[in-house]
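With the first letter of the sequence shown counted as 1, position 46 gets the number 1189 in our numbering; the numbers rise by one all the way through.
Below: the structure, in structure tokens.
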Amino acid sequence: MDRQTSHHHSNNVTSEELWALSCNLISLYDHIQSEGSDHGSFSDVIVNAMGATYHLHRC
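Written as structure tokens, this is what we have:
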């Protein structure tokens, strides 16, 4: 199979498949955002000061 034939084959994706992929990517992004930012799982530095905990992230 040559490159052009292989490329043509990959374009035969239905709109339903693209929609499902889009929904899955959005769900994955939301999960990573929730775990990383909201729960502090991906904090670069955790500071405990004045009785509080601060989850800091690099910008």
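Every residue, glycine too, gets a C-beta built ideally from N, C-alpha and C.
Consult DSSP for N1191 and reduce its assignment to one of helix, strand or coil. For the purposes of this step, residue 1191 is taken as the residue at position 48 of the sequence shown. Strand, per DSSP.
H1198 (DSSP reduced to helix, strand or coil): Stepping through the sequence shown from its first residue, residue 1198 is reached at position 55. Strand, per DSSP.
In terms of residues, what are the limits of the alpha helix (DSSP H) holding S1165? Counted from its first residue, the sequence shown places residue 1165 at position 22. Element bounds for S1165: 1158 to 1176.
Out of curiosity, what's the CA-to-CA distance linking E1159 and Q1176? Start at 1 with the first residue of the sequence shown, and residue 1159 comes out as number 16. Start at 1 with the first residue of the sequence shown, and residue 1176 comes out as number 33. Cα-Cα distance, rounded: 26 Å.
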